[in-house]
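Novice: Okay, so the sequence shown: first residue is 0 according to numbering that gives the first Met the number 0, each after it adds one.
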Amino acid sequence: MLIAAIIALGVGTYAMRLGGVLLRGRLKLSDTVQRVLAMAAAALLAALAGTAALMAGTDFAGVARPAGVLVGGILAWRKAPFVVVVLAAAATAALLRLAGVP
Numbered sequence: 000m001l002i003a004a005i006i007a008l009g010v011g012t013y014a015m016r017l018g019g020v021l022l023r024g025r026l027k028l029s030d031t032v033q034r035v036l037a038m039a040a041a042a043l044l045a046a047l048a049g050t051a052a053l054m055a056g057t058d059f060a061g062v063a064r065p066a067g068v069l070v071g072g073i074l075a076w077r078k079a080p081f082v083v084v085v086l087a088a089a090a091t092a093a094l095l096r097l098a099g100v101p
């Protein structure tokens with residue numbers, strides 16, 4: 000059952016990608032729609048990141064995880080190397096959890 004679901008999702012993904020390639024020349028979108036779609040993609044990504052940073056299943060993740068994400072976000076904004084961003088974010092969350100902060 001699980002293999003069938005994985006195969007179905009894979010086929011659906013590639014069908015959507017193929018549809019984009021085949022319809023690219025036929026479908027004309029206005030400039031306004033293109034701008035809105037670009038903003039919608041950014042909003043969706045921000046919502047996904049926010050949900051992943053703040054929630055653990057259906058419960059609040061605690062303070063340590065959002066603090067680690069905040070540290071990582073600040074370092075990424077300051078254009079720190081990727082390895083430094085990841086290690087600092089993980090270290091922040093780990094040290095807060097070690098100190099007993101949920």
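Don't be surprised by glycine CBs; every beta carbon is placed ideally from N, CA and C.
What you are looking at is a predicted structure, and each value in this text was computed from that prediction instead of being measured.
#1: Give the secondary structure of M38 by DSSP, where H, G and I count as helix, E and B as strand, and everything else as coil.
#2: When you compare only the Cα positions, how much space is there between A45 and M0?
#3: Three-state secondary structure (DSSP) at K15?
#4: Taking all protein chains shown into account, decide if G24 is buried (16 or more other Cβ within 10 angstroms of its Cβ) or exposed.
#5: Looking at the structure shown, is A98 part of a helix, part of a strand, or coil, going by DSSP?
#6: For the pair the stretch 86-97 and the stretch 45-64, tell me if three or more CB-CB distances fall below 8 angstroms.
#7: Please report the residue range of the alpha helix (DSSP H) in which V70 lies.
Specialist: Taking the geometry as given:
#1: Your numbering for residue 38 matches position 39 in the sequence shown. M38: helix per DSSP, three-state reduction.
#2: Mapped onto the sequence shown, residue 45 falls at position 46. Mapped onto the sequence shown, residue 0 falls at position 1. The straight-line gap from Cα to Cα measures roughly 33 angstroms.
#3: In the sequence shown, counting from the first residue as 1, residue 15 sits at position 16. Note on residue identity: the sequence assigns Met, not Lys, to residue 15. In the three-state reduction of the DSSP assignment, M15 falls in the helix class, which pools H, G and I.
#4: Within the sequence shown, the letter at position 25 stands for residue 24. G24 comes out exposed.
#5: Within the sequence shown, numbered from 1, the residue matching residue 98 stands at position 99. A98: coil per DSSP, three-state reduction.
#6: Counting C-beta pairs closer than 8 angstroms gives three or more between the stretch 86-97 and the stretch 45-64, which meets the contact rule.
#7: Position 71 of the sequence shown, counted from the start, is the residue given in the question as residue 70. Note, V70: alpha helix (DSSP H), 63-76.
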